[in-house]
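Top line first, the protein sequences correspond to chains A and B.
Position 286, counted from 1, in the first sequence is what my numbering calls 286; the numbers after and before it change by one each time, with no gaps.
Position 108, counted from 1, in the second sequence is what my numbering calls 403; the numbers after and before it change by one each time, with no gaps.
Using N, Cα and C, we set each Cβ at its ideal position, and we do this for glycine too.
This structure is a prediction, so every number in the text was calculated from the model and none was measured.
In what follows, a structure is listed as structure tokens, so that the remarks can point back to it.
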Amino acid sequence: MYRKQVRRRRAVLVLLVIVSLVLLSTHFSEGEGGPLHSVERGFATVLGPIEEGADRALKPARDLVAWFDETFDARGENEALNAEVQDLRGRLAAAESATKENEQLRKLLKLGPGGGIAGYEAVTARVIGRSPTVWYSTVTIDRGSSSGLRVDDPVITGDGLVGRVTDTTAGTAQVTLITDHRSAVSATVVPSGPSGVITPEVGDPQDLLLDFIENEREVDEGQTVVTAGWTSGRLSSVFPYGIPIGEVTEATIGEQETYQRVHVRPFADVRELDFVQVLTQPGDNAQASTGAGGT
Amino acid sequence: MIVTPRIVVRIALLLLLGVILQLSFFSRISVLGTSPNILPVLVVCLGLLGGAVLGAVCGFAVGFLIDSALLQTLGVSSLVLLTAGYLAGRYREGFDISSPLICPALAGALTLLAASGFAAVQLMLGVEAPISLLVLRELVVQAILGFLLAIPIYPIVRRVLRAALVEDTPRRGRLPIPFRTA
Numbered sequence: 001m002y003r004k005q006v007r008r009r010r011a012v013l014v015l016l017v018i019v020s021l022v023l024l025s026t027h028f029s030e031g032e033g034g035p036l037h038s039v040e041r042g043f044a045t046v047l048g049p050i051e052e053g054a055d056r057a058l059k060p061a062r063d064l065v066a067w068f069d070e071t072f073d074a075r076g077e078n079e080a081l082n083a084e085v086q087d088l089r090g091r092l093a094a095a096e097s098a099t100k101e102n103e104q105l106r107k108l109l110k111l112g113p114g115g116g117i118a119g120y121e122a123v124t125a126r127v128i129g130r131s132p133t134v135w136y137s138t139v140t141i142d143r144g145s146s147s148g149l150r151v152d153d154p155v156i157t158g159d160g161l162v163g164r165v166t167d168t169t170a171g172t173a174q175v176t177l178i179t180d181h182r183s184a185v186s187a188t189v190v191p192s193g194p195s196g197v198i199t200p201e202v203g204d205p206q207d208l209l210l211d212f213i214e215n216e217r218e219v220d221e222g223q224t225v226v227t228a229g230w231t232s233g234r235l236s237s238v239f240p241y242g243i244p245i246g247e248v249t250e251a252t253i254g255e256q257e258t259y260q261r262v263h264v265r266p267f268a269d270v271r272e273l274d275f276v277q278v279l280t281q282p283g284d285n286a287q288a289s290t291g292a293g294g295t
Numbered sequence: 296m297i298v299t300p301r302i303v304v305r306i307a308l309l310l311l312l313g314v315i316l317q318l319s320f321f322s323r324i325s326v327l328g329t330s331p332n333i334l335p336v337l338v339v340c341l342g343l344l345g346g347a348v349l350g351a352v353c354g355f356a357v358g359f360l361i362d363s364a365l366l367q368t369l370g371v372s373s374l375v376l377l378t379a380g381y382l383a384g385r386y387r388e389g390f391d392i393s394s395p396l397i398c399p400a401l402a403g404a405l406t407l408l409a410a411s412g413f414a415a416v417q418l419m420l421g422v423e424a425p426i427s428l429l430v431l432r433e434l435v436v437q438a439i440l441g442f443l444l445a446i447p448i449y450p451i452v453r454r455v456l457r458a459a460l461v462e463d464t465p466r467r468g469r470l471p472i473p474f475r476t477a
């Protein structure tokens with residue numbers, strides 16, 4: 001009797017491990033339109049409305065936890081902020097001239113005061129789900145293909161770029177954030193102009209890396225990084241030019257390296273997303289290729 | 296554990312509730328700089344109460360649900376969580392749960408194992424970006440949060456499954472067991 005139980009237990013374990021490995025390898029190797037992806041989208045479609053309802057119902061509880069978290073952080077930050085006030089007073093005069101420069105830059109980047117991008121329509125969406133691990137930096141939003149969203153549409157907040165749409169169902173869409181390890185965004189530093197590729201550092205959502213900046217190009221702390229929006233023949237970046245990404249915090253030049261390693265702090269806090277805007281191109285029926293995060 | 300259709304429905308609802316709560320609440324809050332993950336804790340509790348087979352099946356189901364809901368690579372979470380559920384069940388089958396701290400400690404340890412396993416699978420599948428040392432902090436903090444979360448979750452799961460637990464079956468109305476001599 002006991003042996004039979006042991007055999008059954010082992011059989012169940014082996015079966016489940018084999019099924020998991022088959023699912024993993026099949027899902028990993030098949031295309032976006034494969035049967036497993038379709039099954040997955042079916043589940044996501046069913047779960048979408050439930051997630052949306054739960055998201056609304058649990059908002060007060062989330063806000064309560066966030067309040068405790070912010071209060072806890074604020075106490076620790078108080079002393080540091082006092083020191084910063086002294087420093088900021090000195091910078092106030094410089095800030096006034098920077099404001100004028102900012103207005104000029106906005107015109108240069110064709111950004112409106114609200115951060116709107118010409119030629120795109122913004123669809124506002126609520127974040128209804130989020131991956132629990134640092135290895136998948138993705139969120140689920142409550143708008144999908146029925147609202148005109150398509151794969152590779154840029155996703156922004158009032159602060160700047162947060163990611164792009166990587167999968168859609170009728171009522172929901174998956175957004176891969178710029179902090180996901182599969183993300184790569186072509187970006188440029190303004191106003192000096194060197195361009196590179198923004199990649200994340202897994203596990204640290206407050207630090208992005210701007211790679212492939214040649215050593216001769218000068219990059220200073222505090223400069224703004226925006227999407228490069230390149231076009232080369234029939235190929236073009238999925239992100240239009242000029243969406244703010246972040247601010248340069250550090251630029252290091254290795255002795256034997258050709259490229260600088262520029263650290264960028266993103267403007268948008270991807271850990272605290274409630275609403276986002278998806279930039280859709282009206283009348284564009286072409287489905288962009290998803291590639292390996294190539295943007 | 297006596298598994299009846301009613302208990303299966305209860306377990307299914309419990310798993311669905313766990314996944315929804317994880318997606319809409321726990322993944323969206325920040326505690327000690329990371330988001331708590333209740334799914335390994337839930338699976339460990341089910342394994343401790345129902346044994347290795349139930350733990351493994353529930354781990355697989357929860358993993359499948361969370362991967363589907365987030366449109367992630369199917370099978371990764373299932374593989375990791377079924378291992379956690381199976382190990383919790385094997386512990387229950389081999390040892391007595393003599394201290395109230397055993398469940399939280401096991402939940403913390405298996406949450407660490409699950410998070411490490413998930414990281415290992417991701418590294419095998421290929422990570423296209425540098426990895427911060429903060430990932431290690433994330434693993435440790437998630438284990439600590441797993442320990443703390445198990446303290447309220449285990450009694451809740453136990454209460455939901457009480458009707459199926461042999462040792463928790465209400466004694467009232469049961470026929471007295473006759474005394475036997477050797």
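1) When burial is assigned at 16 or more other CB atoms within 10 Å of the CB, is A/LEU108 buried or exposed?
2) With respect to the beta strand (DSSP E) encompassing B/PRO300, which residues constitute its N-terminal and C-terminal limits?
3) For a test of the three-state rule: what should DSSP assign to A/GLN104, helix, strand or coil?
4) At 8 Å on the CB atoms, spell out the chain B contacts of A/GLY246, in chain order.
5) Alpha carbon to alpha carbon, what distance is there between A/PRO49 and B/LEU366?
6) If you run the structure through DSSP and keep just helix, strand and coil, what is A/ARG130?
7) Just the C-alpha distance for A/VAL276 and A/VAL165, rounded to the nearest angstrom, thanks.
8) Please determine whether the Cβ atom of A/LEU208 lies at a distance below 7 Å from any heavy atom of the ligand ADP.
9) Kindly indicate if chain B contains any beta-carbon less than 8 Å away from that of A/TRP135.
10) Specify, as a first and last residue, the run of the beta strand (DSSP E) that A/GLU214 falls within.
11) Taking only the alpha-carbon atoms, compute the straight-line gap between B/LEU310 and A/ASP73 and give it to the nearest angstrom.
12) Among the residues of its own chain, which have a CB less than 7 Å from the CB of A/ALA170, if the five just before and after it don't count?
13) Say whether chain B places a C-beta atom closer than 8 Å to the C-beta of A/THR258.
14) Per the DSSP calculation, B/ILE324 is bridged to which residue(s)?
15) Going by DSSP, name the residue or residues bridged to A/GLN174.
16) Taking the continuous beta strand (DSSP E) assigned at A/THR227, which residues delimit it?
17) Can you give me the Cβ contacts of A/THR224 inside the same chain, cut-off strictly under 7 Å, excluding the 5 residues immediately before and after it?
18) Strictly below 8 Å CB to CB, what residues from chain B border A/HIS27?
19) What does the alpha-carbon distance come out to for the pair B/SER411 and A/ALA118?
20) Taking 8 Å as the cut-off, does the stretch 392-400 of chain B touch the stretch 351-358 of chain B (at least 3 CB pairs, one atom from each stretch)?
21) Expressed to the nearest angstrom, what Euclidean distance is found between the alpha-carbon atoms of A/THR179 and A/ARG130?
22) Could you give the distance in angstroms between the alpha-carbon of A/GLY203 and the alpha-carbon of B/LEU434?
23) Compute the beta-carbon to beta-carbon distance between B/GLY403 and B/ALA438, rounded to the nearest angstrom, for a pair I have assumed lies under 8 Å.
24) Can you give the Cα-Cα distance for A/VAL197 and A/VAL151, rounded to whole angstroms?
25) Under a CB-based cut-off of 8 Å, is A/GLY148 close to chain B?
26) Could you check what DSSP says for A/HIS37 in three-state terms: helix, strand or coil?
27) From the beta carbon of B/ARG323, is the nearest beta carbon of chain A less than 8 Å away?
28) Rounded to the nearest angstrom, what separates A/GLU218 and A/PRO194 at their Cα positions?
29) Between B/ILE333 and B/ALA424, what straight-line distance do the alpha-carbon atoms span, to the nearest angstrom?
30) Taking a contact to mean a Cβ-Cβ separation below 8 Å, would you say B/LEU344 touches B/LEU460 in this structure?
31) For B/VAL304 and B/ARG457, I'd like the C-alpha separation in whole angstroms.
Checking against the coordinates, here is how it stands:
1) At A/LEU108, the pLDDT of 43 sits below 50, so the modelled position is not reliable and the matter cannot be decided from this model.
2) DSSP places B/PRO300 outside any beta strand (DSSP E); the residue lies instead in the alpha helix (DSSP H), whose first and last residues are 300-319.
3) In this predicted model, A/GLN104 has a pLDDT of only 49, less than 50, meaning its place in the structure is not dependable enough to derive any value.
4) Residues of chain B whose Cβ lies closer than 8 Å to the Cβ of A/GLY246 do not exist, since the nearest Cβ in that chain is about 16 Å away.
5) Inter-residue distance for B/LEU366 and A/PRO49 is about 15 Å (C-alpha atoms, whole angstroms).
6) Note: A/ARG130 maps to strand in three-state DSSP.
7) Cα atoms of A/VAL276 and A/VAL165: separation of roughly 11 Å, rounded to the nearest angstrom.
8) For the structure depicted, the ligand ADP is absent and the ligand set is empty, with no information on it obtainable.
9) With respect to chain B, the C-beta atom of A/TRP135 has a partner C-beta closer than 8 Å.
10) Here the beta strand (DSSP E) through A/GLU214 covers 208-214.
11) Cα atoms of B/LEU310 and A/ASP73: separation of roughly 33 Å, rounded to the nearest angstrom.
12) Excluding positions up to five away in sequence, the list reads THR45, GLY144, SER145, SER146.
13) Cβ-Cβ to chain B under 8 Å: no for A/THR258.
14) DSSP output for B/ILE324 lists no bridge partner at all.
15) Looking at the DSSP assignment, A/GLN174 forms a beta bridge with A/THR140, A/ASP167.
16) Residue range 224-227 is occupied by the beta strand (DSSP E) that includes A/THR227.
17) Answer for A/THR224: VAL190, PRO244, GLU247, listed in chain order.
18) Ordered by position in chain B, the residues that pass the 8 Å Cβ test against A/HIS27 are THR368, LEU369, GLY370.
19) Cα to Cα, the separation comes out at about 45 Å.
20) The way I'd put it, the stretch 351-358 of chain B doesn't touch the stretch 392-400 of chain B; fewer than three beta-carbon pairs between them come closer than 8 Å.
21) Looking at the two C-alpha atoms, the distance is approximately 13 Å.
22) Cα-Cα distance, rounded: 10 Å.
23) Contact holds; Cβ gap of about 5 Å.
24) In a straight line, the C-alpha of A/VAL197 is about 20 Å away from that of A/VAL151.
25) Residue-level contact check: A/GLY148 does not touch chain B, since none of the beta carbons of chain B fall below 8 Å from its beta carbon.
26) For A/HIS37, the three-state secondary structure derived from DSSP is helix.
27) It does: the Cβ of B/ARG323 has a partner Cβ on chain A nearer than 8 Å.
28) Just so you know, the alpha carbons of A/GLU218 and A/PRO194 end up roughly 8 Å apart.
29) Answer to the nearest angstrom: the Cα atoms are 27 Å apart.
30) Using a Cβ distance threshold of 8 Å, B/LEU344 and B/LEU460 count as a contacting pair.
31) Whole-angstrom Cα-Cα distance: 14 Å.
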